[in-house]
Every structure is written in C-alpha cells, then in structure tokens.
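Asks: Sending over a structure as structure tokens; questions will come in a sec.
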C-alpha cells in the first residue's frame, strides 16, 4: 500500500492528503436542509449531511490527490449513525481508488491493539468466516503504551500489505508538554521524546519493508507546525514516510515543508483538512458560495499543489 | 459521577470494576450457536453473540459491583455491528444502575478531542437539537498530545458531571519504554514520565472537584502490575481516583493493590476482565460449564472481593 501511495503521489505530482473532518459548521446549508428534511434534526440527519458533503468533495478532487484522511472522531461524535457515515466514506473513497488513511489514533495493550488492528486494517474471524470491519488502507497509531501497543498493527500490516503512521511529533500547540521532554539515550546523550519515538519508528520501518521500494509500511506523523523537528526526524527515520498535518488552518506553510521531504521530493505527504473541505468559507474562495463548495475545494487543492510544488522547486 | 461511583463502592464494599472485553473465544458455545443460527456467521452474528454474552454476565453481577468497563476495541473489531453491541451494552448497564467506564483511550488535538468528548460523554448539536452519541459515564484518555487533547474532556465532564481516567502508567510489559523514561522537572530533579503526567493529572484534578466529596472527576490509570509506581502516584495525585487494570490474568494480585488505596480504603477501583467474564474457562470454575458461565462470573467476583478485602484488611 505504501508503494501504491507513492506511485499515486508521483503520477499526480501531489504529495497531498485531504482530511475529511466534516464538522457540521462546514456543511453547506443546502446539504443540511436536504438531510434534515429526509431524516429530521437527528443523528441520522447529521450523518446523512456529513456523507453527502463528503461525497461532493470526493467527486471533485479524486483525480487530483492520491489520498484522503477521514478523522474518525468527527463521525464518532454522532454515535452509530456517524460511524456508518464514516464507513460509507471509507468505502466510497476506495471505490474511487483513493488511498484511505484512517485517522484513528488508536493504541492500547497488546491484545486490545490487536482488536483495533484487525477492525481497521485487517479481517476478524467469525466462526469459519473472515470479515473486514472498517477496512482502511492506513491507520494512525498512538505510541504511549510502547511497542506492545504498536506490534499488533505491524503484524496485520504485513499480512494485509497495509500501513500505519505512528504519532511522533504532533501539530498541536501543547504537543511539547510530553513529546519535547529531554531524556537520556543508552549512550547518556540527551534527546527529546519525539526523537526516541522516531528511533523506534525507524527500527520498525527497517523490519517492515515491502519487497520493492525504498519506504516502509511504517510511517510517522510529524506536524507542519514544527519544521525544525521535521528536519531532524527526516534523518532519523530514512525509511518512513511522514504524514504532515497542520498545513493551512493550523499555520504550517509550503516553505516550512521542504525539510519533511527527501532529496527526490518524496518521503512526505501533507494533510489539509478545513483548508480544503471548507474552502468556500474562506475569503479567497467565497465567490463559489455554499452551492459551489466542492468546486471551491478543488480550487483549494490546486492552490495547495502549487504552493507545495513551488516550495519543492518542481512547479 | 465520581461521587456516585464512590457511594456505590462503599455500599457494595467492592472497589471492583468488571471489564466487559468480550473476545469470541470467551463466548460459550450455546450463545455462539444461537446467534449464528439467527444471523449466520456474520459480523451481525458475532455482535449478537457478544451482546447476549454480556447481558448474561451483567444480570449475574450487577448487584455485586459498582461499575463495568467495556473495552471498545473488542466491539470495534466487528465494525458497525460490533459498535451497535457496544452501545446496547452501555445502555443496558446504565439501566441496571452500573457506572459505565468507556475504555476508549482516545486523545487528539483540541478540536478533535472535543468531538470524542462530545460523542462519548456529552451531547452533540444537530440543528436545534442535542443528542448523546454513546453516553458513557467515564472515559479513559491518552495524554500523548498534552493538555490540548485532555482539556476538551474536562470541559464536557464539568458540564455533564461525568469523569475521565487519564493513562499514567499502563499495565502492559512495554509501558516503561516511554512512561519510565527519566526527564528533569523545572527544579532540575529527574523523574519518570509517569510522574510528570501524574503531576498534570493532579493539577487538573484540583481544578475539577465536585461540589462535595474528596475526589475529583479527573482520575488516572495505573496498572496493578506496577505496585511500587502505584504507591508513588497515590501520593502525587491525592484528589484522583485510580483505575487499576492488570489484576488477575495480567498478573496483579490483591496484596499488590494496597498501595493504590488511601487510608480509608478508597481512592482506587480495580478492574478484572477475563478473570471474571471468562471465569468458567479457568480450572477453579470449570464445574460451572459453558451454560453456567454467568454463575461462574458471579463466583469470581465474590472471590475477587474477598481477595481485595483481605488485602485492605476489611474482610
């Protein structure tokens, strides 16, 4: 799956992933009205609005970007109907041949992480049959519990030829409260926690390489808002693709991103969520209006591609 | 909700939470057969089996224990049908007046953690109406992203009078890879990460105290498998209830638990999952047989209560 992701990035000249994080305030009025008319102002109505909104965006951008990243929390907040909309979104994006990165940030003790890995990337056994639960292509994983919590995902990735992105240095303002703390390594040298986790990711990546290709199925999450750390982590994890959130709305700019990539302009994929999906609410794109929200998203993808292309010097 | 939990612990003389983590291998044959006969060997069939299995256990133990802790991963692995079984379990346990701790270990950047908090503990806005998504009483929260990721849960807890348990020192073998690393505090003193997180929990706990009572709605997870660390963390977090997993199957014993409690025998609640729910598969309780699995669970709860009571010196 990492090789498919890379091939699509190269073909589309777009190291871009669109974050499908549908907050209700982003959904245009005509979509909300139609959904509420059919299902009422209920969880089912909200889920229908979210699904129709996503579908419009996906139809408008699937030929421009290699991947999407639905954030499961934005669906889970609407309970079961919301999660049904998540599953519909995952399935629809896969039909459109988009690589789907499930932003689930799961992580637990071994046997429990195994259940998450099976449910999101693999197949679960029921009697004599096997079923995919959510069936994303990649998942994000939280490393707080150590390698016990990550290894079950690695096993499933190897079986299913899928992948994970481990949280290393997250994009949010308080990420440093824990992740920047200095600890001593075995040689007595001080380094921040994100480098320690980066080192663990690098060794898992070495172990889980596809048969061909230069990147592993084990990637990392490093926020665009921390370009200096990105530069260091790019070197520590030479085999790991970096998923870079925080571009756009969170403050990361194209020029900040150059350090996350390798010398061939690969090795990273940059996420934008509201900057794309709610583009029509920005001054620059407001002329599209709510009815034209999907076209606004398409225009925002093209602008993002140009911004990143310029930064990487391959306009 | 923390006051309700404490009142129930005192009334039942049982600082015990039963982990409803239904792996298919625990579900007795007669339940699996009936579910598969109705729904086939499908995700729906698995979900029905899990739900019937849970219901039997809950009916057998609800008068003995104050709380249950369904581990959402064990449901999520069966996709949408599994999550419907999770929701049915949460609702049924609340009907039986059990306190429900959703073991969800969520945590993300601010706006995303807000969606998780709303979906699991609070209400989501849909047009002019508000709905509960999953509606647990407590949730477990992962602190890797720092305070941004925890604060939205605190806000919802205050509004809804609910609570959280923040992961501090987890029960699994590799928890130390990150959590035991030594860092320097502001005074230059070295301390392990779990003490740093424990300190953060303590300050949130001070801020989020209920009107009456001596414990906060902000608790912590500390594994029974690490009693020495439990002793230290009990002191660092005087206002935080400790949720203690790892008793029984993971190796924690009653005698190890004494340090997690305060001098009044309060301040902690000990979880057992497979030790209770799959008791009938253990030699000690195998005479109950698969058909008597729920009675075996009841017997295991009584034995656990006795073990902990003896350790706390209040048989």
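Residue numbers (our numbering), protein chains in the order written: chain A, 4 to 318; chain B, 4 to 318.
Even glycine gets a Cβ: it sits at the ideal position worked out from N, Cα and C.
(1) Distance, Cα to Cα, residue 52/B vs residue 95/A?
(2) Measuring straight from C-alpha to C-alpha, what distance separates residue 250/B and residue 87/B?
(3) Please list, in chain order, all residues of the same chain as residue 49/A whose beta carbon is under 8 Å from its beta carbon, the five residues on each side excluded.
(4) Report the residue from 280/B, 263/B, 63/B and 101/B whose alpha carbon sits nearest the alpha carbon of residue 69/B.
(5) Cα separation between residue 204/B and residue 268/A?
(6) Give a yes or no on whether the C-beta atoms belonging to residue 273/A and residue 247/A are separated by under 8 Å.
(7) Mind reading off the beta-carbon distance from residue 109/B to residue 145/B? Whole number of angstroms is fine, and I expect it under 8 Å.
(8) So, helix, strand or coil for residue 172/A, using DSSP?
(9) Can you tell me where the alpha helix (DSSP H) with residue 109/A in it begins and where it stops?
(10) When the distance is taken between beta carbons, is residue 141/A closer than 8 Å to residue 168/A?
(11) So residue 304/B packs on residue 9/B, CB below 8 Å; how close in whole Å?
(12) Going by beta carbon distance, what residues of the same chain come within less than 6 Å of residue 105/A, once the five residues before and after it are set aside?
(13) Hey, could you find the ends of the alpha helix (DSSP H) residue 89/A is sitting in?
(14) Express the C-alpha separation of residue 89/A and residue 60/A in angstroms, rounding to a whole number.
(15) Measure the Cβ-Cβ separation of residue 172/A and residue 236/A and say whether it is below 8 Å.
(16) Would you mind working out which of 239/A, 208/A, 308/A and 309/A sits nearest residue 5/A, comparing C-alpha positions?
(17) Is any heavy atom in the ligand SAM found nearer than 7 Å to the beta carbon of residue 50/A?
(18) Would you decide whether residue 192/A is buried or exposed? Buried here means 16 or more other CB atoms lie within 10 Å of its CB.
(19) Would you say residue 318/A reaches chain B, if we count a Cβ-Cβ gap shorter than 8 Å as a contact?
(20) For a contact defined as C-beta to C-beta under 8 Å, what are the partners of residue 145/B on chain A?
(21) Between residue 181/A and residue 147/B, which are expected to be in contact by the criterion C-beta below 8 Å, what is the C-beta distance as a whole number of angstroms?
(22) Could you give the first and the last residue of the continuous alpha helix (DSSP H) run that contains residue 309/A?
(23) Taking only beta carbons into account, state which residues of the stretch 68-90 of chain A come closer than 8 Å to chain B, listed in chain order.
(24) Counting only beta-carbon separations shorter than 8 Å, does residue 31/B have a partner in chain A?
(25) Comparing the C-beta of residue 184/A with each C-beta of chain B, is any distance below 8 Å?
(26) For residue 121/A and residue 159/A, which I take to be in contact (beta-carbon distance under 8 Å), what is that distance rounded to the nearest angstrom?
(27) What residues of chain B sit near residue 192/A, judged by a beta carbon separation below 9 Å?
(28) With C-beta atoms as the reference, is residue 216/B less than 8 Å away from residue 263/B?
(29) Run through chain A and tell me which residues come within less than 9 Å of residue 41/B, C-beta to C-beta.
(30) Could you name the residues of the stretch 150-182 of chain B whose beta carbon sits closer than 8 Å to any beta carbon of chain A, in the order they occur along the chain?
(31) Taking 8 Å as the CB-CB cut-off, is residue 314/A touching chain B?
(32) Checking the sheet assignment: what are the DSSP bridge partners for residue 273/A?
(33) To the nearest angstrom, how far is the alpha carbon of residue 149/A from that of residue 55/B?
(34) Pick from 238/A, 285/A, 278/A and 288/A: whose alpha carbon is nearest that of residue 271/A?
(35) Excluding sequence positions up to five away, which residues of its chain have a Cβ less than 7 Å from the Cβ of residue 315/A?
Replies: In brief:
(1) About 29 Å.
(2) Looking at the two C-alpha atoms, the distance is approximately 28 Å.
(3) Closer than 8 Å at the Cβ level, and outside the excluded window around residue 49/A, lie 27, 38, 81, 84 and 85.
(4) When only C-alpha atoms are compared, the closest one is 101/B.
(5) Distance from the CA of residue 204/B to the CA of residue 268/A, rounded to the nearest whole angstrom, comes to 42 Å.
(6) Yes.
(7) Between residue 109/B and residue 145/B a beta carbon distance of about 7 Å is seen, short of the 8 Å cut, so the two are scored as contacting.
(8) Here DSSP, grouped into helix, strand and coil, assigns residue 172/A to strand.
(9) Here residue 109/A belongs to no alpha helix (DSSP H); instead the beta strand (DSSP E) covers 102-109.
(10) Taking 8 Å as the cut-off, the Cβ atoms of residue 168/A and residue 141/A count as close.
(11) The pair is not a contact, with the Cβ atoms about 19 Å apart (cut-off 8 Å).
(12) Same-chain partners within the cutoff: 123, 139 and 142.
(13) Note, residue 89/A: alpha helix (DSSP H), 82-98.
(14) C-alpha separation (whole angstroms): 14 Å.
(15) Yes, the pair counts as a contact, with Cβ atoms nearer than the cut-off.
(16) The residue among 239/A, 208/A, 308/A and 309/A with its C-alpha nearest the C-alpha of residue 5/A is 208/A.
(17) Judged by which ligands are present, the structure shown has none, so any question about the ligand SAM falls away.
(18) The residue in question, residue 192/A, is exposed, as its Cβ has fewer than 16 Cβ neighbours within 10 Å.
(19) Its pLDDT being 43, under 50, residue 318/A is placed unreliably in this model, and the coordinates cannot settle the point.
(20) Within chain A, the residues placing a beta-carbon under 8 Å from that of residue 145/B are 108, 110, 145 and 147, ordered along the chain.
(21) Indeed they touch by this definition, with Cβ atoms about 6 Å apart.
(22) It spans 296-314 - the alpha helix (DSSP H) in which residue 309/A sits, taken as one unbroken run.
(23) Cβ contacts with chain B come from 74, 76, 77, 79, 80, 81, 82, 83, 85, 86, 87 and 90.
(24) Closer than 8 Å: no.
(25) Contact of residue 184/A with chain B is assigned, a C-beta pair being separated by under 8 Å.
(26) Rounded to the nearest angstrom, the Cβ distance from residue 121/A to residue 159/A is 6 Å, consistent with a contact under 8 Å.
(27) What residue 192/A touches in chain B, judged by beta-carbon distance under 9 Å, is nothing: the nearest beta carbon there is about 13 Å away.
(28) No, the pair does not count as a contact, with Cβ atoms beyond the cut-off.
(29) Neighbours of residue 41/B on chain A: none; closest Cβ ~13 Å, over 9 Å.
(30) Within the stretch 150-182 of chain B, the residues whose Cβ lies closer than 8 Å to any Cβ of chain A are, in chain order, 150, 151, 152, 170, 173, 174, 175, 176, 177, 178, 179, 180, 181 and 182.
(31) Not one chain B Cβ lies under 8 Å of residue 314/A.
(32) Under the DSSP definition of a beta bridge, residue 273/A partners with 19/A and 247/A.
(33) Distance between the alpha carbons of residue 149/A and residue 55/B is about 34 Å.
(34) Sorting 238/A, 285/A, 278/A and 288/A by C-alpha distance to the C-alpha of residue 271/A places 238/A at the top.
(35) 261, 264 and 268, listed in sequence order.
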